[in-house]
Amino acid sequence: MFHLDENPEVLENEESFIDMRPSRFSHLTKSRKSESDFNLSENSTLSHYSDMLSTEYDLADNENDFFEISVKGVLKTKKFQNLDAYPFIFETDYEVFDWACALISESPIGFSLVAEAEKQGWVFQLTTLENGEYYLDGKNKILEVNDHGLDVQALGTSVFFRSTIIYTISKALRDIWHERQWADIENNYNPESIVMLERARAADNDSIAIIIGWDLRSAGYHDTWRHILSEDESDMAQVLVNILERYPTALYNGMVHAHVFRQWYASMDRIDSLDHAILEHLDFLIFEEGRELGTKQSAAKDFENLSTLPDKTVYLKGLGNTVSRDPFFAGLGDPINQAHLFQIVYDNKVIEVDGVPFRDTSLANKIFPTD
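Numbering-wise, my numbering comes out as the position in the sequence shown, counting from 1, plus 1.
1) Among residues of its own chain, excluding the 5 on either side of L127, which ones have a beta-carbon nearer than 7 Å to its beta-carbon?
2) Within the same chain, show all residues whose beta-carbon is closer than 7 Å to that of S208, passing over the 5 residues directly before and after it, in chain order.
3) Using only the alpha-carbon positions, how far apart do R22 and F330 sit?
4) Going by beta carbon distance, what residues of the same chain come within less than 8 Å of E92, once the five residues before and after it are set aside?
5) Classify Q339 as buried or exposed, calling it buried when 16 or more other Cβ atoms lie within 10 Å of its own Cβ.
6) Quick check: what's the CA-CA separation for E281 versus G291?
7) With DSSP run on the structure shown, which of helix, strand or coil describes I70?
8) Note down, one range per segment and in chain order, each alpha helix (DSSP H) of at least 4 residues found wholly within the segment 133-220.
9) Check whether the Cβ atoms of E180 and G139 lie closer than 8 Å to each other.
10) Candidates A203, H277 and T296: which alpha carbon is nearest P336's?
11) Please work out which residues of its chain come closer than 6 Å, Cβ to Cβ, to I279, disregarding the five sequence neighbours upstream and downstream, and give them in chain order.
12) Work out the CA separation of E234 and I143 for me, nearest whole Å.
13) So if DSSP puts L127 in a beta bridge, which residue, or which two residues, is it bridged to?
14) Give the straight-line distance between the Cα atoms of F161 and G214, rounded to the nearest whole angstrom.
15) Please return the same chain residues whose Cβ sits closer than 8 Å to the Cβ of A300, not counting the five positions on each side in sequence.
16) Just to confirm, is the Cβ distance from D99 to G74 under 8 Å?
17) Assuming W178 and E117 make a contact with CB atoms under 8 Å, what is their CB distance in whole Å?
18) Quick check: what's the CA-CA separation for F285 versus V124?
19) For L333, which of helix, strand or coil comes out of DSSP?
20) Mapping DSSP to helix, strand and coil, what is A118?
21) Mind checking R271: buried by the 16 CB within 10 Å criterion, or exposed?
22) Between R175 and D205, how many whole angstroms is the CB-CB distance? I'm expecting something under 8 Å.
23) Going by Cα to Cα distance, which pick from Y87, G334, A86 and I167 is closest to S108?
24) Can you list, in chain order, the residues of its chain with a C-beta nearer than 6 Å to that of Y316? Leave out the 5 residues immediately preceding and following it.
25) Can a CB atom of chain C be found closer than 8 Å to the CB of L127?
26) Which value, in whole angstroms, describes the spacing of the CA atoms of I211 and V242?
27) Decide if E293 is buried, meaning its Cβ has at least 16 other Cβ atoms within 10 Å, or exposed.
28) So the candidates are Y347, I110, L245 and I186; which of them puts its Cα closest to the Cα of P311?
29) From the DSSP output, which residues share a beta bridge with K297?
30) If I measure Cβ to Cβ from A220 and keep anything under 8 Å in the same chain, skipping five residues before and after, which residues do I get?
31) Decide if T443 is buried, meaning its Cβ has at least 16 other Cβ atoms within 10 Å, or exposed.
32) Give me, in chain order, the residues of the same chain whose beta-carbon lies closer than 8 Å to that of F89; leave out the 5 immediate sequence neighbours on both sides.
33) Please classify H223: is it buried, with 16 or more other beta-carbons within 10 angstroms of its beta-carbon, or exposed?
Dropping the structure here:
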């Protein structure tokens, strides 16, 4: 059994770590859309690549630039393409995703996540996003990846941007995995639990993407790992290296996953920024969409289930209670976010009838009976 309190020698200040409260997330890497400006249907004009082993890619049939995942296509690409050279001949969005999925599948967990995305019927699209690296449209199962305003030729010839694409899609694939169980989180859980579960989801997404980057490095593809070392999550990558130096088998029993996950919470920047984004999202749901959030309280088992890997390993097994209760993971130290959360909790319980706020629906109906 391993413990999250083992120090992997990355935190800058041991004493401050003990009393640390989550505070800020340095950059929002993803956002999820509840609605889309378009809908997919059985009669959609999207190109279908499920039979890529026998069908040539047709530019004329891909006017919307959607990429439909195919494990057969990934295997074909790995067989006939040099993955190091492929980016230099990019001509279409399809080729970008074809290469990215083939490269990510060099990681065992990456391959499983690609297969899961295909099973669920997700399609990918390059687009220029104002904020964040990607959007998930869970309703229509569309992943939009930020192209940063560059054409595919520029993406392919730039080590930085093509590494960004791999790192982003790795996070997004893990996020897609979570959509099966956590897509309806706002309807089921209370505001405090939503914030805590969203933290864990983001920490898991980043952790899995870093492990995929390490797998690619081990397979001989070093660019993504170098890119991760230059990102804000480099401290998490360093934890992975430190743990594997001491326990080489930690990659196979979930130990390294747990420690990398824990390190995500060591950055006050990471957490506060994510908290702010989630609270703004909840505000939007309550005031703009008129939705009522759920009442369920998160439990230790929820955090353990969230850490389930494709091979059924639960790397937080036995640690769910720590993640759900320890102030290091569950604390809310930023005063602005605290006030915002308290306001959301209050607004979620209050109903207004003729401009008068009530917290008891039956009392509201007695005073202002409806026909």
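Glycine included, C-beta positions come from ideal geometry on N, C-alpha and C.
Bear in mind that the values here come from a model prediction, so they are computed numbers and not experimental data.
Well, looking at it:
1) D66, D94, V97, V146 and D148
2) M237, H258, V261, F262 and W265
3) Because the pLDDT of R22 is 24, which lies under 50, any placement of that residue in the model is unreliable, and the number read from its coordinates should be weighed accordingly. The straight-line gap from Cα to Cα measures roughly 8 Å.
4) V153 and Q154
5) exposed
6) 14 Å
7) I70 sits in coil when the DSSP states are folded into three classes, being neither helix nor strand.
8) Those alpha helix (DSSP H) runs which fall completely within the segment 133-220 and span 4+ residues are 153-158, 160-183, 186-189 and 192-219.
9) yes
10) H277
11) V196 and E199
12) 26 Å
13) V146
14) 14 Å
15) G321 and S325
16) Taking 8 Å as the cut-off, the Cβ atoms of D99 and G74 count as close.
17) 6 Å
18) 27 Å
19) Three-state DSSP puts L333 in coil, outside helix and strand.
20) helix
21) buried
22) 7 Å
23) Considering only Y87, G334, A86 and I167, the residue with the shortest C-alpha distance to S108 is I167.
24) Closer than 6 Å at the Cβ level, and outside the excluded window around Y316, lie G255, H258, A259 and S308.
25) In the structure shown, chain C does not exist; there is a single protein chain.
26) 11 Å
27) Around the Cβ of E293, a 10 Å sphere holds fewer than 16 other Cβ atoms; the residue is exposed.
28) I110
29) Y190
30) E107 and S108
31) Residue 443 is absent from the model: the chain starts at 2 and stops at 372.
32) G157 and T158.
33) exposed
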